[in-house]
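Going by mature numbering (1 follows the signal peptide of the UniProt record, and there is no 0), the letters in the sequence shown line up with residues -30 to -1, 1 to 324, in that order.
See structure below.
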Amino acid sequence: MKPRHGNRRNRRLTVVGALAVLLATSGALAVNSYAASRQPPPPSASTPVPTPIPSPRPTSSPSLTSAPSPTSPPSPTPPPSASRGCALPGYPTAACTGVPAGWTPKVRHQGDLVITRAGTVLADHLVTGSILVKAENVVIRRTRLYGTVDNFVGDRIYGRMLIEDSEVVNPPGQQYSTNQLYAFGVANYTCRRCKVVNRMEGWRVGAKVYAGAGPVTIEDSYARLAVPPGMCRSVDPHGDGVQGYGGPTVVLRHNTIDQRLDDCPTAPIFVPDQDNDGGTIRDNLLAGGSYSLRASGGWFPAITGNKIVHDSYAYGPVDIDCRKVGTWSGNATVRYDWTAGRVLSEVKPLVRCG
């Protein structure tokens, strides 16, 4: 499918006079509150969608307090390598993130899965709803789900969560989703070789004032974000690849975030001045958005080595508060081979952050 750029091109010609107003209000448009953002829309009668979370404080979903029994004979799953072919100078693709090639779930869980036992290791699951983490030190590996992975349940963060080689996708036969909830969140977690496909939101970094909150690391991961065709004419979700909202320090390292299929976006990386602590943004490949990289909230020790696909954005490659950046270097606009996951050529070095 070709990226839908037409709407953004026309918009660029018609909204220049209102750009200042847009930038001043983009934070409010992106997120009004956690309560609003954590409520998925009602399911369509004609298109299956992921099972929604009834509230941010679920009490009735089944809990994982002991290892579940497989519903079918387990199949061997090839172990992922450390890089799975994504290492620099390459960038993560759909082929080297998420569950490995040849993967088969050992457990199929219908609906939401609530984890309540500290130290649980959840592996090789297919979950048709969401995974709600209500315990510390949870590990999720080689798992596919149709909802969200969320460790902000009730009034606290259940931290030190590790997610590896896992993916949030839509159910079979459903190309797009109207679910505006983030795919992974919210604080004190690491997401490594994770994948998001055709969702409006990728990762949330937030809730730093709640008990259990801590730093976030997102690395070697891939997201292709999309809004259903025509949705932007009636609803303006302003999606993000990574959104900071009252967020702790975040490390964003060697990720691919492609937002070209969103006609009403905010940014692949959006860490605005909304009570965020900032973080390190290094070696990411970004495309789409109003600006592809927006960073103004908190302190950024280093924003380095990021490559932004030339002419994929509506207004410009970056929107940065340079007063809050320690080291700015190696950032550039590029031409990119999406199939191979390789930069073809550099178009322009972004010598100045502003």
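Here a beta-carbon is modelled for each residue, glycine too, at the ideal position from N, C-alpha and C.
Small disclaimer: the values here were computed from a predicted structure and weren't measured.
- Query: In the DSSP assignment, what are the bridge partners of CYS161?
  - Reply: DSSP, once it has assigned bridges, lists ILE133 and ILE188 as partnering CYS161.
- Query: Rounded to a whole number of angstroms, what is the C-alpha to C-alpha distance between VAL221 and HIS79?
  - Reply: 32 angstroms
- Task: Can you have a look at CYS234 and say buried or exposed, based on whether 16 or more other CB atoms are within 10 angstroms of its CB?
- Result: buried
- Query: How many angstroms separate the CA atom of ASN121 from the CA atom of PRO141?
  - Reply: Taking the straight line from one Cα to the other gives about 22 angstroms.
- Query: For ALA64, which residues from the same chain have a beta carbon less than 8 angstroms from its beta carbon, with the 5 sequence-adjacent residues on both sides left out?
  - Reply: LYS165, VAL167, TYR192 and ARG194
- Task: If I'm right that PRO59 touches THR226 with Cβ under 8 angstroms, what's the distance once you round it to whole angstroms?
- Result: With 8 angstroms as the limit, PRO59 and THR226 do not qualify as a contact, their Cβ atoms being about 13 angstroms apart.
- Item | Identified DSSP bridge partners for TRP269 | GLY248
- Sort GLY249, GLY172, ALA181 and ASN107 by Cα distance to ARG223 and report the nearest one. GLY249
- Indicate whether LEU83 and ILE101 have their beta-carbon atoms separated by less than 8 angstroms. yes
- Query: So ASP243 and GLY267 are in contact, right, with Cβ under 8 angstroms, and what is the actual spacing, rounded?
  - Reply: 4 angstroms between Cβ atoms; contact.
- Query: PRO319 lies in the beta strand (DSSP E); which residues open and close that run?
  - Reply: 312 to 319
- In this structure, does DSSP put ALA237 in helix, strand or coil? ALA237 falls in the strand class under three-state DSSP.
- Could you say which of GLY176, GLU316 and GLY296 lies nearest to GLY214 if we only look at CA atoms? For the residues GLY176, GLU316 and GLY296, the minimum Cα distance to GLY214 belongs to GLY176.
- Query: Are PRO238 and SER262 close, meaning C-beta to C-beta below 8 angstroms?
  - Reply: Contact: yes.
- Query: Which residue's Cα is closest to the Cα of ARG87: CYS66, CYS56, VAL77 and TYR128?
  - Reply: The candidate whose alpha carbon is nearest that of ARG87 is TYR128.
- Task: Kindly indicate which three-state DSSP category LYS294 falls into: helix, strand or coil?
- Result: helix
- Should ALA71 go down as buried or exposed, given a rule of 16 or more other Cβ atoms within 10 Å for buried? Here ALA71 is exposed: its Cβ has fewer than 16 other Cβ atoms, across all protein chains shown, within 10 Å.
- Item | Backbone secondary structure at ALA37 - three-state DSSP | With a pLDDT of 38 at ALA37, under the threshold of 50, the modelled position of this residue cannot be trusted, and the question is left open.
- Message: Assuming residue 394 and ASN301 are in contact, meaning their beta carbons sit under 8 angstroms apart, how far apart are those beta carbons, in whole angstroms?
- Response: Since the first residue shown for the chain is -30 and the last is 324, residue 394 is missing from the structure and cannot be characterised.
- Pull up the CB-CB distance for GLY258 and ASP281, whole angstroms please, since I reckon it's below 8 angstroms. Their Cβ separation, rounded to whole angstroms, is 11 angstroms, which puts GLY258 and ASP281 out of contact at 8 angstroms.
- Tell whether a beta-carbon distance below 8 angstroms holds between residue 332 and VAL91. The displayed coordinates of the chain run from -30 to 324. Any statement about residue 332 would go beyond what the structure contains.
- Using the Cα positions of CYS309 and ALA181, report the straight-line distance between them to the nearest angstrom. With the sequence shown as reference, residue 309 is identified as Thr, and Cys is not the correct amino acid for it. Rounded to the nearest angstrom, the two C-alpha atoms are 42 angstroms apart.
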